[in-house]
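Here's the structure we're looking at; comments come further down.
Residue numbers (mature numbering (1 follows the signal peptide of the UniProt record, and there is no 0)): -24 to -1, 1 to 444.
In structure tokens form, the structure reads like this:
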């Protein structure tokens, strides 16, 4: 007869208990020092170990503290009161082990996932047609057009698609409105098959720009920012960051085929320790880029000299810190050659064909907006949690406080606050009075009581007060 799952579990526990009981009796009979009767009663230690395994899973160890058995701690010179030779603070846990503080960090996450992206332009109101150029099964260029309609759930392209669950086999795309109001007046001209690009000068940064703004809700230390596009990459875009929740903005990275002309910066400048917080400009395009689905990935520390000594570089720590990220598209990719080779008509969703205008290609479209990093806790927390005020904050350890564990909590100022490192957790410390240094002198008079307290080189004296 087949046993049910719960019956199998009970059988396993019973067998484990019986095995440990027999082992205990055998050990006692060989002179280990305990009675066989007590061993049979306590032989369930095997089952307690079995249950202890599940208890450990329910109460995992705190990553901000390292548990050291007292025996090993004594050998290593770590005391129950005070710190180890590395400067880490210690305490005794309820299980009798030494808890030594150490640097801890929250998990690495995509900080953009599920968060709202504010776009200055989104298609669908009124409905508009959008066309892509891609390769077909034969490797030939072909156009595919569709209608964006915000009132139709299957044809809308909102900005929420940028931070939803990304599936490369079924991409959902945000699309901007068409940014060219009308096609050129002369259809026969050579420029009729490509979008009208903004002219050089000041207007280039405002004529066809669209902005995506992402609020992270808290300070993060960013490792990368990436965008995957549904069509060709834009020719020019800029990435900005804010450290004060959108009040001020700082350039993070520029991408353009004309860096000096559009942004006044050289292409691929060299970063030194004297300018580690300078935004670079590079050409994001290569001959290997696909016509659709290409990606831009910006690494915040790539090429920065202090990247290999990050924990000792306040400048670089400040550089990667952000509360908000903004992407500004400034210029379309010049579609000229691809469009001319693709022909003058395109397939629509319903299988019909229609003439293609410049306006059908004049838009930006992206499928995935990802921001990789960690919640900024300065090495004093292993996770971020939502507080009573609804805001995200660090679950601070090491006697620190603040949304970013950026200060010592009250009455723990005997040691200046510091960012935790691999060598020293820099735990904040409160005033400690050792019993051997505490002396109390009491003088009692009929109407006056006074005491003098000396400890840690401090002198506290109360004024004479009438006895109650």
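All C-beta atoms in this analysis are idealised placements derived from N, C-alpha and C, irrespective of residue type, glycine included. Note that the structure is a prediction, hence the values are computed from the model and not measured.
Beta-carbon proximity list for residue i, same chain, < 6 Å, skipping 5 on both sides
i	result
residue 96	186 and 187
residue 402	394 and 396
residue 40	80, 358 and 373
residue 113	none
residue 291	252
Neighbourhood of residue i by C-beta distance below 8 Å, restricted to the same chain and skipping five residues each side
i	result
residue 343	137, 138, 142, 147, 148, 149, 150, 204, 205, 206 and 269
residue 336	105, 106, 107, 121, 154 and 322
residue 91	139, 190, 191, 192 and 193
residue 82	350, 351, 353, 357, 358, 359, 360 and 370
residue 196	87, 297, 298, 299, 347, 349, 350, 351 and 352
residue 261	209, 211, 233 and 309
residue 93	135, 136, 138, 139, 150, 188, 189, 190 and 345
residue 446	Residue 446 falls outside the range modelled here, since the chain spans only -24 to 444, and no answer is possible.
Proximity of residue i and residue j at Cβ, strictly below 7 Å
i	j	result
residue 155	residue 338	yes
residue 253	residue 295	yes
residue 370	residue 360	yes
residue 351	residue 376	no
residue 221	residue 299	yes
residue 346	residue 192	no
residue 340	residue 152	yes
residue 198	residue 355	no
residue 215	residue 303	yes
Straight-line gap, residue i to residue j (C-alpha atoms, nearest Å)
i	j	result
residue 100	residue 289	47 Å
residue 77	residue 367	27 Å
residue 42	residue 73	10 Å
residue 246	residue 235	14 Å
residue 391	residue 406	8 Å
residue 255	residue 44	45 Å
residue 244	residue 282	18 Å
residue 129	residue 103	13 Å
residue 378	residue 217	22 Å
residue 400	residue 251	28 Å
residue 210	residue 386	51 Å
residue 239	residue 306	10 Å
residue 36	residue 75	14 Å
residue 144	residue 271	12 Å
residue 55	residue 398	Note on residue 55: pLDDT 48, under 50, position unreliable in the model; the coordinate value appears next. Near 20 Å, if we compare the C-alpha coordinates of residue 398 and residue 55.
residue 278	residue 131	39 Å
residue 219	residue 365	20 Å
Residue span of the alpha helix (DSSP H) that contains residue i, given as start and end
i	result
residue 237	235 to 239
residue 361	Taken as a continuous stretch (DSSP letters only), residue 361 belongs to no alpha helix (DSSP H), being part of the beta strand (DSSP E) at 360 to 362.
residue 292	290 to 295
For residue i, the first and last residue of its enclosing beta strand (DSSP E)
i	result
residue 208	Neither: residue 208 is in no beta strand (DSSP E) and is coded neither H nor E.
residue 106	104 to 111
residue 74	73 to 77
residue 274	271 to 275
residue 258	256 to 258
residue 227	226 to 231
Close beta carbons around residue i, own chain, < 7 Å, minus the five adjacent residues each side
i	result
residue 388	375, 404, 405 and 406
residue 273	200 and 202
residue 258	231, 243 and 244
residue 280	247, 252 and 292
Exercise for review: Determine, using beta-carbon pairs with one atom in the segment 214 to 234 and one in the segment 119 to 127, whether at least three such pairs fall under 8 Å.
Suggested key: Because the criterion of three Cβ pairs below 8 Å is not met, the segment 214 to 234 and the segment 119 to 127 do not touch.
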